[in-house]
Amino acid sequence: MAAAEVVPPDSAILVIAHGSRRAEANDDLLKLAELLRSRTSYPIVQPAFLELAEPDIPAGGRQCAERGAKHVLMLPWFLSAGRHVVDDLERYRRQLEAELPGVRFTVCPPLGLHPLMIDVAAARLQEGLASRATSGSSGSGTS
């Protein structure tokens with residue numbers, strides 16, 4: 006976050022991932038929330054899952070409000086603006102605003118084609134090549 010940015014004290018990040026039956030995959034979102042807490046000035050950073058894991062999005066939104074948030078930024082940890090981001094998160098946004106008057110929810114853009122994501126993809130490709138060269142393996146998936 007740039008030094009000039011001022012984060013209102015009543016704002017929160019609700020970082021949202023799809024959710025998985027694999028606990029290890031869900032743990033990544035919990036680690037991400039911790040990293041966002043340590044690297045930003047947001048007073049509240051709450052993880053939530055679209056499905057298959059807890060807390061779900063409504064519970065996460067409520068937890069933000071219970072902790073004093075008046076503006077919750079819904080940060081989708083998704084690569085593209087598919088059905089979940091465009092339809093599901095918007096539906097949850099409307100539901101939460103109706104349930105929690107006085108709290109505004111904003112859906113942020115997905116990770117998408119941000120230039121830094123291209124850098125990450127290039128780095129992962131290099132890691133794959135290095136892994137293949139040293140171990141001959143096909144790599145390990147995280148899905």
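Position one of the sequence shown corresponds to residue 6 (the working numbering), numbered consecutively onward.
Note that CB positions come from ideal geometry on N, CA and C, so glycine has one too.
None of these values were measured; they are calculated from a predicted model.
Residues bridged to residue i [DSSP beta-bridge criterion]
i	result
L80	V20
P52	V20
Close-in-space but distant-in-sequence residues of the same chain around residue i (CB under 6 Å, 5 per side omitted)
i	result
L116	L84 and M122
A38	V20, V50 and P52
L101	G66 and F110
Contacting residues, own chain, Cβ-Cβ under 7 Å from residue i (five flanking each side not counted)
i	result
D151	The requested residue 151 does not occur in the structure, where the chain is confined to residues 6 to 148.
P13	H76
R98	M79, F110 and V112
CB of residue i within 8 Å of CB of residue j, strictly
i	j	result
K75	R109	yes
R96	L57	no
Other residues of its chain near residue i: CB distance less than 8 Å, five sequence neighbours each side excluded
i	result
H89	H23, L55, P81 and F83
A86	P114, P115 and G117
S153	This structure does not reach residue 153, given that the chain is present from 6 up to 148, and the question cannot be answered.
Per-residue burial, residue i [other beta carbons within 10 Å of its own, 16 or more giving buried]
i	result
V77	buried
R72	exposed
V11	exposed
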